[in-house]
Amino acid sequence: MIKTLTLLSSFFILLSCARVQTLNMEKHTYSERPNHIIWIQLAGLSDDHLPLLRFNVSDVNYRTNLEKSDCIGKMWTYNLYDLRPSATQSFLSQLLGTKNIKNQCSDFKSKPVWEYLSEMGYFSSIIENGANEEESLDKMRNCPGAEALKLSRLRFYRMGSDSTIKDNTSQKMFHYQDSLTSLQEILLPGFYYDKSCQKSICYSSLTNNFKTLWTLSLKDQPQSFFLIRDFSFLNALRKKDISSAKESMQEIERIVTTIKSLKREDVMVVVTGAESMGVEYPNEGKDWAEFEKSGKNIIYKKSALLSPVFASGPLSENFCGIFEESDMPRRLLVKPEMKVFNWDFVNPFSN
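Per this note's numbering, numbering of the sequence shown is gapless, rising by one per residue and ending at 353.
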């Protein structure tokens, strides 16, 4: 009897001293599925680009939201045909879960991640920024068998100039400052085009569009998936336009700040790169100022073979380590089993 009481006492002492689970030195609950998922695909992104955000602030203790991610991983970016695929191909591989990517209609024979999530009850939306005709998912509507993609369940919002959006008189348009009635209408499945992008530039920001559309879906839907595909950063890097590149990164930082400001524990944020372009930064002072003006001789000629993943919130533990970019859907969808306590270890009556 004394032995039994001693074992029971020891057990309760162990429970009271249970270790708090952490990830990246922050409190974290494992194996919890998020109710809301925001996935940001930023073409050209490398972890080398964090100084563009961090060194733009006078506070030496400032940390960007990407730095404060719960989990940071890396993806191999090759596929069956290319060692260094384009951002378009890599993003398709990430969304479709396959290395068999040709940037053709045949790619969409694989089931996209948003369709798996729609089947699980998620309200799925996509917003694109800076994508040309070859880069945009808009092209999938013209593929044979496109009905298999279940586009009738998807909300697709495109930001692009009149050079990439044709016959805009027949397109459904939207603006983030539209009336609530008009905005409610674009929450129905369909393809929509930003009114402000019908000139050489878009006058609406990606941040404002996201905040309006996501806030509306968050209010009405218990589960949502929002995919942001942004090619503006890579476009700026190719032009060596460091000012525009910094603004593109700051847009993503503002979006993540908006999400985290809600302090909701049921939201996961994932940011992935593709066709990651490294940067060789100059010395400080005048050299750095000149670099920001001209971008001269600072961008590597070849893209990296690994691209970054930054994840925060529920299931972010799935994105630690190094893995194939085609493994993204599995890591987004699979919820590991929760640890089961084995009572046999503390059963005082067991042999």
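The beta-carbon is built from N, C-alpha and C at its ideal position, and this holds for glycine as well.
Span of the alpha helix (DSSP H) around A247:
Here residue 247 refers to the residue found at position 245 when the sequence shown is read from its first residue. Segment 244-263, the alpha helix (DSSP H) holding A247.
### Message
Short of 6 angstroms in beta carbon distance, which residues of its chain neighbour V272, apart from the five on each side in sequence? Order them along the chain.
### Response
Counted from its first residue, the sequence shown places residue 272 at position 270. Cβ within range, chain order: W41, A313.
Terminal residues of the alpha helix (DSSP H) in which P310 lies:
Position 308 of the sequence shown, counting from 1, holds the residue named residue 310. Careful: P310 lies outside any alpha helix (DSSP H), inside the beta strand (DSSP E) at 308-314.
### Query
Does the segment 61-75 come within contact of the segment 253-265, defined as at least 3 CB pairs closer than 8 angstroms?
yes
Which same chain residues end up closer than 8 angstroms to H30 when comparing Cβ atoms and leaving out the 5 residues on each side of it in sequence?
As a position in the sequence shown, residue 30 is number 28, starting the count at 1. Excluding positions up to five away in sequence, the list reads Q23, T24, D72, S318, E319.
query: What first and last residue would you give for the alpha helix (DSSP H) that runs through M330?
result: Position 328 of the sequence shown, counting from 1, holds the residue named residue 330. Start and end: 330-335.
**Q.** Residue span of the beta strand (DSSP E) that contains K174, given as start and end
**A.** Start at 1 with the first residue of the sequence shown, and residue 174 comes out as number 172. It spans 174-176 - the beta strand (DSSP E) in which K174 sits, taken as one unbroken run.
Apply the 10 Å Cβ neighbour rule to A291 and answer buried if 16 or more other Cβ atoms are within range, or exposed otherwise. Here residue 291 corresponds to residue number 289 of the sequence shown, with the count starting at 1. Exposed, by the Cβ-count rule.
Taking the C-alpha atoms as reference points, what is the distance between S305 and S278?
If you number the sequence shown from 1, residue 305 lands on position 303. If you number the sequence shown from 1, residue 278 lands on position 276. Distance between the alpha carbons of S305 and S278 is about 5 angstroms.
Q. Bridge partners of F387, per DSSP?
A. Residue 387 is absent from the model: the chain starts at 3 and stops at 353.
Item to check | Cβ neighbour criterion (16 or more within 10 Å) applied to K288 | outcome: In the sequence shown, the residue the question calls residue 288 occupies position 286. Per the 10 Å Cβ criterion, exposed.
The beta strand (DSSP E) spanning V2 covers which residue range?
This structure cannot speak to residue 2, because the chain is shown only from 3 to 353.
*Ignore the nearest five residues each way along the sequence and tell me which others in N105's own chain have a CB closer than 8 angstroms to its CB.*
Within the sequence shown, numbered from 1, the residue matching residue 105 stands at position 103. Hits under 8 angstroms: S88, T90, Q91, L94, E136.
Counting along the chain, where does the beta strand (DSSP E) carrying S305 start and finish? By one-based count along the sequence shown, residue 305 stands at place 303. Its beta strand (DSSP E) spans residues 301-305.
Endpoints, the beta strand (DSSP E) within which R231 is located = Translated into the one-based positions of the sequence shown, residue 231 becomes position 229. Start and end: 226-232.
| task | Starting from the Cα of K248, find the closest Cα among T214, I301, P53 and give me that residue. | result | Start at 1 with the first residue of the sequence shown, and residue 248 comes out as number 246. When only C-alpha atoms are compared, the closest one is P53.
Can you give the beta carbon distance from F176 to K197, rounded, assuming they're within the 8 angstroms contact cut? Against the sequence shown, residue 176 aligns to sequence position 174. Against the sequence shown, residue 197 aligns to sequence position 195. At roughly 7 angstroms, the Cβ-Cβ gap stays under 8 angstroms, so F176 and K197 are in contact.
*Closest by CA to L98, which one among R86, W116, Y83, L82?*
Indexing the sequence shown from 1 puts residue 98 at position 96. Nearest option by C-alpha distance: W116.
Euclidean distance between Cα positions of V269 and E34: Counting from one through the sequence shown, the residue named residue 269 turns up at place 267. Counting from one through the sequence shown, the residue named residue 34 turns up at place 32. Near 10 angstroms, if we compare the C-alpha coordinates of E34 and V269.
inquiry  = Cutting at 8 angstroms between CB atoms, please list the residues of its own chain near S2, excluding the five before and the five after it.
reply    = Since the first residue of the chain shown is 3 and the last is 353, residue 2 is not available in this structure.
For this session: Output the boundary residues of the beta strand (DSSP E) element that contains F325.
Result: Translated into the one-based positions of the sequence shown, residue 325 becomes position 323. Element bounds for F325: 323-326.
inquiry  = Tell me the residue span of the alpha helix (DSSP H) that contains L94.
reply    = Counting from one through the sequence shown, the residue named residue 94 turns up at place 92. Start and end: 89-98.
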